[in-house]
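Peer 1:
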Amino acid sequence: MKLKKMMALALASTALIAAAGCGGNSQPAKSGAASGAKVTGQVTASGSSALLPLVKDAAAKFKSKNPEVSLTLNAGGSGTGLKQVAEGSVNIGNSDVPAEKKLPAEKAKGLVDHKVCTMTVATIINKDIADKVKSLTSQQLQDVFTAKVTNWKDVGGNDAPIVVVGREAGSGTRGAFEELLKLEDACKYSNELDSTGAVMAKVASTPGSIGYVSLDVLDDTVKALKLDGAEPTEENIKAGKYFLSRPFVMATKGEISEQSDLVKALFDFIYSDEGSELVKSVGLITADK
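According to my numbering, the sequence shown is numbered sequentially starting from 1356.
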């Protein structure tokens, strides 16, 4: 599969509004919205819930420019989005895992991953731990998530049990976290939840808990840990000092040039300067151009 630095985006509201995602090695041919002409039609997309903050903002912007467009997005995880775009039931599959790593080779064949921006996984803890535990090494993090370490006192905290919270099997965020730590299918979870928001809410409300979420949804209800002494900042991520990061992709069946005018227009919109500003505004890192 090819990895391109472009982006598309889609979101469904009760009025079936959505939009699609950004960034790229080479700019797609201008079409529809990018050339000033309004586009019409319908696009569907599904996949990673971690991209929802971005798609919500982009949906409103794209819809305001193209009021006759109807675009629908369903969350449900990266695996679902990639499977559905491979089957042809949606136009775009949103994922934080490349299709070739998520799907059998036969299903992934023909899909093109478009790099939209950099996805960073923040390791989060309940605030009751944050006074004493501010950073973990990669080895300590591996030991915590595999239950080799089960008490906070063993990594510098108080004498309290560690509660490990994660995403459900099939989640792209879980896949990214476990793969980057080389812990595929080795983590021992106390709770496995079906959305990014559910993980953050559980960690915020459960003393002694630790989990992970996409950095762009992080808020002040929890505390993000430093890893190997590095904070999850854009500077550290681009310098390779913070290791839990990798590309967000949006997959299409075939090249962008083979898609409908509306899908092309969505890519054009998010690839624009306005689209790049949206990426930054929700805490994601734009793809290098």
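Ideal Cβ positions, reconstructed from N, Cα and C, are used throughout, including at glycine.
Over what stretch of residues does the beta strand (DSSP E) that includes VAL1604 continue unbroken?
Peer 2: One-based indexing of the sequence shown puts residue 1604 at position 249. 1600–1608 is the extent of the beta strand (DSSP E) around VAL1604.
Peer 1: Measuring alpha carbon to alpha carbon, tell me which of ALA1405, THR1551 and ALA1524 ends up nearest ASP1540.
Peer 2: Position 185 of the sequence shown, counting from 1, holds the residue named residue 1540. Out of ALA1405, THR1551 and ALA1524, ALA1524 has the C-alpha closest to the C-alpha of ASP1540.
Peer 1: From which residue to which residue does the beta strand (DSSP E) around LEU1428 run?
Peer 2: If you number the sequence shown from 1, residue 1428 lands on position 73. That run of the beta strand (DSSP E) goes 1424–1430.
Peer 1: Ignoring anything shorter than 3 residues or poking outside the region 1430–1460, list the beta strand (DSSP E) runs there in chain order.
Peer 2: 1447–1450
Peer 1: Please report the residue range of the beta strand (DSSP E) in which ALA1400 lies.
Peer 2: For the purposes of this step, residue 1400 is taken as the residue at position 45 of the sequence shown. That run of the beta strand (DSSP E) goes 1396–1402.
Peer 1: Confirm, please, whether the CB-CB distance from ASP1549 to VAL1394 is below 8 Å.
Peer 2: By 1-based counting over the sequence shown, the position of residue 1394 is 39. By 1-based counting over the sequence shown, the position of residue 1549 is 194. No.
Peer 1: Using 8 Å as the threshold, is the C-beta distance between ILE1447 and MET1555 below it?
Peer 2: If you number the sequence shown from 1, residue 1447 lands on position 92. If you number the sequence shown from 1, residue 1555 lands on position 200. Not in contact: ILE1447 and MET1555 (Cβ atoms no closer than 8 Å).
Peer 1: THR1501 by DSSP, collapsed to three states: which one?
Peer 2: Stepping through the sequence shown from its first residue, residue 1501 is reached at position 146. Reduced to three states, the DSSP call for THR1501 is coil.
Peer 1: If I'm right that SER1526 touches LEU1582 with Cβ under 8 Å, what's the distance once you round it to whole angstroms?
Peer 2: Sequence index remark: in the sequence shown, residue 1526 carries index 171 (1-based). Sequence index remark: in the sequence shown, residue 1582 carries index 227 (1-based). 20 Å between Cβ atoms; not a contact.
Peer 1: Kindly indicate which residue of SER1560, VAL1499, GLY1563 and GLY1609 has the alpha-carbon position closest to the one of GLU1533.
Peer 2: For the purposes of this step, residue 1533 is taken as the residue at position 178 of the sequence shown. Minimum Cα distance to GLU1533 is reached at VAL1499.
Peer 1: From LEU1639 to GLY1563, what distance separates their C-alpha atoms?
Peer 2: Along the sequence shown, read from residue 1 onward, the residue named residue 1639 stands at position 284. Along the sequence shown, read from residue 1 onward, the residue named residue 1563 stands at position 208. C-alpha separation (whole angstroms): 28 Å.
Peer 1: Look at ALA1405 and SER1600 and say whether their C-beta atoms are less than 8 Å apart.
Peer 2: Residue numbering aside, residue 1405 sits at position 50 when the sequence shown is read from its first letter. Residue numbering aside, residue 1600 sits at position 245 when the sequence shown is read from its first letter. For the 8 Å CB-CB criterion, ALA1405 and SER1600 do not form a contact.
Peer 1: Could you give the C-beta distance for LYS1543 and THR1501, rounded to a whole number, given that I count them as a contact under 8 Å?
Peer 2: Here the question's residue 1543 lines up with position 188 in the sequence shown. Here the question's residue 1501 lines up with position 146 in the sequence shown. Indeed they touch by this definition, with Cβ atoms about 6 Å apart.
Peer 1: DSSP state of THR1528, grouped into three classes?
Peer 2: Locating residue 1528 in the sequence shown gives position 173, counting from the first residue. DSSP places THR1528 in helix when its eight states are reduced to three.
Peer 1: Since ASN1481 and VAL1577 are thought to touch, with beta carbons under 8 Å apart, how far apart are those beta carbons, to the nearest angstrom?
Peer 2: Locating residue 1481 in the sequence shown gives position 126, where the first residue counts as 1. Locating residue 1577 in the sequence shown gives position 222, where the first residue counts as 1. Their Cβ separation, rounded to whole angstroms, is 7 Å, which keeps ASN1481 and VAL1577 in contact under 8 Å.
Peer 1: By the DSSP assignment, the alpha helix (DSSP H) with TYR1626 in it spans what residues?
Peer 2: What you label residue 1626 is simply residue 271 of the sequence shown in a count that begins at 1. Counting along the chain, the alpha helix (DSSP H) containing TYR1626 begins and ends at 1616–1626.
Peer 1: Spatial neighbours of GLY1511 within its chain, please: CB distance less than 8 Å, with the 5 preceding and 5 following residues excluded, ordered by chain position.
Peer 2: By one-based count along the sequence shown, residue 1511 stands at place 156. So the qualifying residues of the chain are LYS1487 and VAL1488.
Peer 1: Based on Cα-Cα distance, which residue from VAL1520, VAL1634 and GLY1434 lies nearest to LEU1458?
Peer 2: If you number the sequence shown from 1, residue 1458 lands on position 103. The shortest Cα separation from LEU1458 among VAL1520, VAL1634 and GLY1434 belongs to GLY1434.
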